[in-house]
Ligand code: KG4
Ligand code: ZN
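Numbering (our numbering), first residue to last: 49 to 390.
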């Protein structure tokens, strides 16, 4: 296929995701119609270690990827020779894990003689909302909250992003994971805190809301320390109350900064993206805030918030349309950044 390939509503993209601990493949037509989305999680392999072990992740991707791609194709009901392009996460992520997906995606693109599209994993999280509502109107304010990133982004158009604010230390997901580990709530941490918090009182402990009224950057490292200090001083405190109070502090800051930023940029709505966007309280509070402010709140379904390949295929479709195919010389980049405009 030549670089000036026509990309339209019938263009079928195979997405592949192996940047961290989910092996995923999906078929998406026209940038938003999800024909299949298969995710195989490695959570159990890493649970004993309390975090993702890179070498174990790469090996598990290697074993899982071919069957997962085959399943995605079968479940889509499409023939493999109907696939128009192969999109794959090229970064950010763990280098060994990324390389498994990138090598497979390039091989399939070569074998099928279709374009390869290198996708930025963070950009793909931005596109998860478009899978459910392709008619979203710009400018949008995106709160991107994952295990490695916490960012407020003004999305002015497809591919046009301005960084409004970001964390100066821990990412929101990292704070959830560390607090869950400290409270011994289980792995992975975010969903464990979410579940525990449902049984606790969010007002039991008033944890600090760092930088609440101070610009658009975030800081979660002090909050994590204050949770630890509080529990050490009050060993009999119930972990559900601690989880609920911690979660309330994180959500308070995320929602308050997002709505202020949305007002400043005149956004039509706030979009949530990234694994932490699966958090029950964050979803509820964000929708409530958007309703109060008379703007739209776009919350992708939980399975589209956490890592998946449908978002990779969707972002790939947009990149293919705007930039054409990616050169096969492009490799995996562990610390790949979003292309921000000033
Ligand atoms: O986007 P993601 O799946 O992977 C990265 O790209 O990082 O995000 C994973 C992060 C983890 O820190 C996980 O604990 C957090 O998202 N997470 C949650 C919830 N589900 C996943 N955090 C809070 N509440 C949840 N329900
Ligand atoms: Zn992610």
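In this text, a Cβ means the ideal position worked out from N, Cα and C, and glycines have one as well. Since the model is a prediction, treat every value here as computed from it, not as a measurement.
Residue 97 (DSSP reduced to helix, strand or coil): For the purposes of this step, residue 97 is taken as the residue at position 49 of the chain shown. Three-state DSSP puts residue 97 in coil, outside helix and strand.
Segment contact flag, the stretch 367-375 with the stretch 347-354, C-beta cutoff 8 Å, min 3 pairs: Cβ pair count under 8 Å is below three, so no.
Spatially closest choice to residue 198 from 301, 219, 277, by CA coordinates: As a first step, residue 198 is located in the chain shown; it is residue number 150 there, counting from the start. Ranking 301, 219, 277 by Cα distance to residue 198 puts 219 first.
Residue 259 - DSSP class collapsed to helix/strand/coil: As a working mapping, residue 259 is identified with position 211 in the chain shown. It is coil, neither helix nor strand.
At least three beta-carbon pairs within less than 8 Å, the stretch 183-200 to the stretch 311-322: Contact holds between the stretch 183-200 and the stretch 311-322, because three or more Cβ pairs, one in each stretch, are under 8 Å apart.
Sequence-distant residues of its chain with Cβ nearer than 7 Å to residue 272 (five each side left out): For the purposes of this step, residue 272 is taken as the residue at position 224 of the chain shown. Cβ neighbours of residue 272 beyond the five flanking positions: 218, 223, 226, 227.
Residue 225 CB to nearest heavy atom of ligand 1 below 7 Å: In the chain shown, the residue the question calls residue 225 occupies position 177. In this structure, the C-beta of residue 225 approaches ligand 1 to less than 7 Å from one of its heavy atoms.
Helix, strand or coil at residue 62 according to DSSP, with G and I counted as helix: On the chain shown, residue 62 is found 14 positions in, with the first residue counted as 1. DSSP places residue 62 in strand when its eight states are reduced to three.
Closer than 5 Å: residues whose CB approaches a heavy atom of ligand 2: Per the Cβ criterion, the list is 194, 355.
Rounded Cβ spacing between residue 151 and residue 173 (contact assumed at less than 8 Å): The residue you call residue 151 lines up with position 103 of the chain shown. The residue you call residue 173 lines up with position 125 of the chain shown. Going by Cβ atoms, the distance from residue 151 to residue 173 rounds to 23 Å, so no, they are not a contact pair.
Whether residue 266 touches residue 276 by CB criterion (8 Å): Within the chain shown, the letter at position 218 stands for residue 266. Within the chain shown, the letter at position 228 stands for residue 276. No, the pair does not count as a contact, with Cβ atoms beyond the cut-off.
Endpoints, beta strand (DSSP E) assigned at residue 279: The residue labelled residue 279 in the question sits at position 231 within the chain shown. Careful: residue 279 lies outside any beta strand (DSSP E), inside the alpha helix (DSSP H) at 269-281.
Beta-carbon contacts of residue 82 that lie in its chain and below 7 Å, excluding the five residues immediately before and after: Numbered from its first residue, the chain shown carries residue 82 at position 34. Take residue 82, set aside five residues on each side of it, and the residues of its chain with a beta-carbon closer than 7 Å to its own are 74, 76, 179, 358, in chain order.
CB contact flag (residue 361, residue 62, <8 Å): Mapped onto the chain shown, residue 361 falls at position 313. Mapped onto the chain shown, residue 62 falls at position 14. Result yes, Cβ atoms of residue 361 and residue 62 sit closer than 8 Å.
Contact test: residue 136 Cβ vs ligand 1 heavy atom, cutoff 7 Å: Within the chain shown, numbered from 1, the residue matching residue 136 stands at position 88. No, the beta carbon of residue 136 sits no closer than 7 Å to any heavy atom of ligand 1.
Residue 384 and residue 168 closer than 8 Å at C-beta: The count along the chain shown starts at 1 and reaches residue 384 at position 336. The count along the chain shown starts at 1 and reaches residue 168 at position 120. Taking the C-beta atoms as reference points, residue 168 is found nearer than 8 Å to residue 384.
Local conformation of residue 76 per DSSP, three classes: Mapped onto the chain shown, residue 76 falls at position 28. Strand, per DSSP.
Three-pair Cβ contact test at 8 Å for the stretch 130-142 versus the stretch 96-110: By the criterion of at least three beta-carbon pairs nearer than 8 Å, the stretch 130-142 is in contact with the stretch 96-110.
Beta carbon of residue 363 nearer than 8 Å to that of residue 147: By 1-based counting over the chain shown, the position of residue 363 is 315. By 1-based counting over the chain shown, the position of residue 147 is 99. Contact: no.
Residue ranges of each beta strand (DSSP E) within the stretch 150-221, 3 or longer: The stretch 150-221 contains these whole beta strand (DSSP E) runs: 164-168, 188-193, 198-205, 208-214.
Check: residue 242 C-beta below 7 Å from any heavy atom of ligand 1: Within the chain shown, the letter at position 194 stands for residue 242. Within 7 Å of the C-beta of residue 242 there is at least one heavy atom belonging to ligand 1.
Cβ-Cβ distance between residue 125 and residue 65 below 8 Å: Translated into positions along the chain shown, residue 125 becomes position 77. Translated into positions along the chain shown, residue 65 becomes position 17. Not closer than 8 Å, so no.
Residues near residue 331 by beta carbon distance below 6 Å, same chain, minus five either side: Stepping through the chain shown from its first residue, residue 331 is reached at position 283. So the list reads 347, once near-sequence residues are dropped.
Beta-carbon proximity check, residue 209 vs residue 388, cutoff 8 Å: Numbered from its first residue, the chain shown carries residue 209 at position 161. Numbered from its first residue, the chain shown carries residue 388 at position 340. Yes.
Under 8 Å between C-beta atoms of residue 111 and residue 355: Counting from one through the chain shown, the residue named residue 111 turns up at place 63. Counting from one through the chain shown, the residue named residue 355 turns up at place 307. Against a cut-off of 8 Å, the Cβ pair of residue 355 and residue 111 comes out as no contact.
Three-pair Cβ contact test at 8 Å for the stretch 273-292 versus the stretch 151-166: Short answer: they don't touch.
Residue 312 in three-state terms, based on DSSP: For the purposes of this step, residue 312 is identified with residue 264 of the chain shown, where counting begins at 1. Helix.
Residue 102 Cβ short of 7 Å to ligand 1 heavy atom set: Within the chain shown, numbered from 1, the residue matching residue 102 stands at position 54. Residue 102: no, Cβ never under 7 Å from ligand 1.
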